[in-house]
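Per numbering that gives the first Met the number 0, residue 0 is the first one in the sequence shown, and the count goes up by one each step. Just below is one structure, and these are the notes that go with it.
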Amino acid sequence: MDINTAVVFIYFAFLIAIGWAFRNLTKNTSDYFRSGGNVLWWMVGASAFMTQFSSWTFTGAAGKAYVDGMAVAFLFAGNALGFFFNYLYFAPRFRQMRVVTVVQALRLRFGTKNEQVFAWVNMFTTSISAGIALNGLAIVTSTLFDFNMETTIIITGLVVLIMSVTGGAWAVIASDFMQMIVIVSVTVACAIVGLREGGGLFNIVENFPGDFMAGATLNYMTILYIWAFSIFLKQIGLTNNILYSYRYLVAKDSRHARKGALLACGLMTLGPIIWFIPPWFMAGSGVDLAAMHPELGAKFSEASYLAFVKLFMPAGMI
């Protein structure tokens, strides 16, 4: 077993341990679904931030950064703006609903029939969403570690299930906070190395092939502006609707909900600048990604971040 594989299994064990450690804090339904409404702002913000985050950031989004430069950052800027509206208005009001679950809030707002329809339909759609996420993860791990895709999906799904069932909301929020610490630490380290290898941000931008703001294939900048405006509207609506109010139902009070939203806004504002330095550097580095990852075919750009880690970071960082 190489060091990267060992790190993954140690992390899986750590997640299961989190669920076990928090099992005694769950004494009633409110504890299980919203941590009894006792979570402090720094954990609220970390959890809200992580719910807008996935491995796609380091595969699909990194691939777009590799090809199109700055354009993909508008998506994350839309998230940051959405969290800012959370801070200004929605986060404290979500907390003041004083419900245990989002479904309960829907019942109060739209009635029992709508509650039932949403609950049953949502069970189906979220299962599909989770399956898509696990499949995407399995594709990446099969490329990096030569893991069997089916085995990866089953093991990862079981780890998340065990952690969340045994520890409830406390375990999920605690794991979100730890994931945030890991992601910030690793990506800041990668960004620093990328800046060093690329001779600074200005050199990376100058060496980027094509237009750094819009890539090499966009004929009309108006299209980018319309897309960015639409993405802003979409992400603001996504981060401020009642279905995502669970982020703030867990908060200790309205003040902690607001401060948590502001933390998520700050992290999502700074994140893209840090996350995309490695793929921007790789785009102008002369490294042949297609030759490094022929198994990805035309989607070789999605390996840009991982290829950077392989080439320039210490063992175990994958």
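We put the CB at the ideal spot given by N, CA and C, even for glycine. Fair warning: this is a prediction, and the values are worked out from it, not measured in the lab.
Using a 10 Å radius around the Cβ and a threshold of 16 neighbouring Cβ atoms, would you call Met162 buried or exposed?
Burial call: buried.
Note down, in chain order, each residue of its chain lying with its Cβ closer than 7 Å to the Cβ of Asn78, except the 5 sequence neighbours on either side.
For Asn78, where only same-chain residues beyond five positions count, the Cβ hits under 7 Å are Gln51, Gln234, Thr238 and Met267.
Hey, Trp274 and Thr186: beta-carbon distance below 8 Å or not?
The answer is yes: Cβ separation under 8 Å.
Where DSSP assigns a beta bridge to Val38, which residues make up the other side?
According to DSSP, which records beta bridges pairwise, Val38 is partnered with Ala250.
Pull up the distance between the alpha-carbon of Val6 and that of Pro313, whole angstroms please.
Approximately 13 Å, taken between the alpha carbons.
On the criterion of 16 or more Cβ atoms from any shown chain inside 10 Å, does Tyr86 qualify as buried, or is it exposed?
By the neighbour-count rule (16 or more Cβ atoms within 10 Å), Tyr86 is buried.
Does Gly214 come out as helix, strand or coil in the three-state DSSP assignment?
Strand at Gly214.
With a 10 Å radius around its C-beta and 16 neighbouring C-beta atoms as the bar for buried, classify Ile2 as buried or exposed.
Exposed is the call here.
What do you get for Thr25, buried or exposed, if any count of 16 or more other CB atoms within 10 angstroms of its CB means buried?
Under this definition Thr25 is a buried residue.
Where does the unbroken alpha helix (DSSP H) through Gln51 begin, and where does it stop?
Here Gln51 belongs to no alpha helix (DSSP H), and DSSP marks it neither H nor E.
So, for Arg22: in the same chain, excluding its five sequence neighbours on each side, which residues have a beta-carbon less than 7 Å away from its beta-carbon?
These residues qualify, in order along the chain: Thr165 and Gly166.
In the DSSP assignment, the alpha helix (DSSP H) including Phe82 goes from what residue to what residue?
Run containing Phe82: Ala72 to Phe84, per the alpha helix (DSSP H) assignment.
Which residues in the same chain as Trp19 place their Cβ atom closer than 8 Å to its Cβ, once the five residues preceding and following it in sequence are excluded?
If we look at Trp19 and ignore the five residues flanking it on each side, its Cβ neighbours are Thr165 and Gly166.
Using beta-carbon positions only, say whether Gly59 and Asp210 come within less than 8 Å of one another.
Cβ distance not < 8 Å, so Gly59 and Asp210 don't count as in contact.
Contact between the stretch 34-54 and the stretch 186-195: three or more CB pairs below 8 Å?
Contact fails: fewer than three Cβ-Cβ distances are below 8 Å.
So, Ala16 versus Gly259, is the Cβ gap smaller than 8 Å?
Contact: no.
Roughly how many angstroms lie between the CA atoms of Ala302 and Gln103, to the nearest whole one?
If you take the alpha carbons of Ala302 and Gln103, they lie about 42 Å apart.
Among the candidates Ala129, Gly156, Ala188 and Met177, whose CA atom is the shortest distance from the CA of Phe13?
Measuring from the Cα of Phe13, the nearest candidate turns out to be Met177.
Residues in its own chain within less than 7 Å of Met179 by CB, not counting five upstream and five downstream?
The residues are Ala45, Phe48 and Met49.
Between Val158 and Ala132, what straight-line distance do the alpha-carbon atoms span, to the nearest angstrom?
Val158 and Ala132: Cα-Cα distance of roughly 15 Å.
Can the beta-carbon of Phe93 be found less than 8 Å from the beta-carbon of Leu248?
Yes.
To test your reading of the DSSP string, which unbroken alpha helix (DSSP H) runs of 4 or more residues are found completely within the stretch 169-225?
The qualifying runs are 200-206.
Start and end of the alpha helix (DSSP H) containing Ala16?
Start and end: Ile2 to Ala20.
Does the Cβ-Cβ distance between Leu402 and Phe123 come in under 8 Å?
Because residue 402 is not part of the residues shown, which for the chain are 0 to 317, the question remains open.
In whole angstroms, what separates the C-alpha of Ser54 from that of Ala213?
The straight-line gap from Cα to Cα measures roughly 23 Å.
If you scan the stretch 240-309 from start to end, which runs of the beta strand (DSSP E) of 3 or more residues do you find wholly inside it?
The qualifying runs do not exist here; there are none.
Sort Ala70, Phe299, Arg246 and Glu149 by Cα distance to Trp169 and report the nearest one.
Trp169 has its Cα closest to that of Arg246, out of Ala70, Phe299, Arg246 and Glu149.
Tell me which same chain residues have a C-beta within less than 8 Å of the C-beta of Val99, skipping the five on either side of it?
For Val99, where only same-chain residues beyond five positions count, the Cβ hits under 8 Å are Thr28, Ser29, Phe32, Arg33 and Leu248.
Using the three-state DSSP reduction, which class does Ala45 fall into: helix, strand or coil?
Three-state DSSP puts Ala45 in a helix.
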